[in-house]
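Beneath this line is the structure, given in structure tokens, with notes to follow.
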């Protein structure tokens, strides 16, 4: 097995939309969108909603003053019928990253060093913290070091998860590509909005 054979893909706002798709721009948050009770893919009666996640890349400071890309994950609950939900689940299972590769991606980051180091140091000072009476200098030092190391472990774990959780987002497929949403567009003066594109004309009209 070849590690790192597939990296996550990310969209940049609405630049990656297919030109043939039907587009609708709406103000408001993703969760406030009023979805019709129809399947976004085939327009059959929807039985439930599928949580569709997308990765967007942002460049802080604008196009020319940016300091590198920033990645965010956004999700929407889009209605689908039972047949399309089952087809999506089948595709996701087939494309799922091997467990060993996933573990390597999530663990093999520079933040694993302070995470392991913090655990080791915390283990060294744990006996003094537990066995020494409150007020004893060794207890106080051990408690302070233990607290600092646990904080470092927590921050490292959060940072590692924040940097690698993108690999857990399923790639867009034939089902989820029926309804595509953009990252936030506009600005404070013009108002924030989000663009949606639909492959199914009937669903676009109902939306």
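In our numbering, the protein residues as written are 394 to 600. We treat Cβ as the ideally placed atom computed from N, Cα and C, and that holds for glycine.
(request) Might you give, ordered along the chain, the residues of its own chain that have their beta carbon closer than 6 Å to the beta carbon of residue 525, omitting 5 neighbours on each side? (result) Excluding positions up to five away in sequence, the list reads 531, 532.
(request) Please classify residue 581: does DSSP put it in a helix, a strand, or coil? (result) Of the three classes helix, strand and coil, the one that applies to residue 581 here is coil, per DSSP.
(request) Let me know the secondary structure DSSP gives residue 449 once reduced to three states. (result) Looking at residue 449 - three-state DSSP - the assignment turns out to be strand.
(message) Considering only their Cβ atoms, is the gap separating residue 576 from residue 410 smaller than 7 Å?
(response) Not a contact, by the Cβ cut-off of 7 Å.
(message) Check for me: the beta strand (DSSP E) holding residue 470 runs from which residue to which?
(response) Element bounds for residue 470: 463-473.
(request) Compute the Euclidean distance between the alpha carbons of residue 452 and residue 523, then round it to the nearest angstrom. (result) Between residue 452 and residue 523, the C-alpha separation is close to 48 Å.
(request) Compare the C-alpha of residue 516 against each of 494, 491, 529, 542 and name the closest. (result) When each option's Cα is compared against that of residue 516, the closest is 542.
(message) Here's the rule: buried if 16 or more other CB atoms are within 10 angstroms of the residue's CB, otherwise exposed. What is residue 568?
(response) By the 16-neighbour rule on beta-carbons within 10 angstroms, residue 568 is buried.
(message) Do residue 469 and residue 423 have their beta-carbon atoms positioned less than 7 Å apart in this structure?
(response) Yes, these two residues count as a Cβ contact at 7 Å.
(request) Return helix, strand or coil for residue 559, following the three-state DSSP convention. (result) The answer is helix: DSSP assigns residue 559 an H, G or I state.
(message) Rounding to the nearest angstrom, what Cα-Cα distance links residue 440 and residue 481 in this structure?
(response) So the alpha carbons of these two residues sit roughly 14 Å apart.
(request) Give a yes or no on whether the C-beta atoms belonging to residue 546 and residue 512 are separated by under 7 Å. (result) For residue 546 and residue 512, yes; Cβs fall inside 7 Å.
(request) Determine the direct distance from the alpha carbon of residue 583 to that of residue 565, and round the result to whole angstroms. (result) Going from the Cα of residue 565 to the Cα of residue 583 covers about 30 Å.
(request) Please work out which residues of its chain come closer than 7 Å, Cβ to Cβ, to residue 415, disregarding the five sequence neighbours upstream and downstream, and give them in chain order. (result) The beta carbon of residue 415 lies closer than 7 Å to those of 590, 591, 594, 597 in the same chain, with the five residues before and after it left out.
(message) Once the 5 residues before and after residue 563 are set aside, which same chain residues still bring their CB inside 6 Å of it?
(response) Closer than 6 Å at the Cβ level, and outside the excluded window around residue 563, lie 485.
(request) Note down, one range per segment and in chain order, each alpha helix (DSSP H) of at least 4 residues found wholly within the region 507-566. (result) You should have 530-557.
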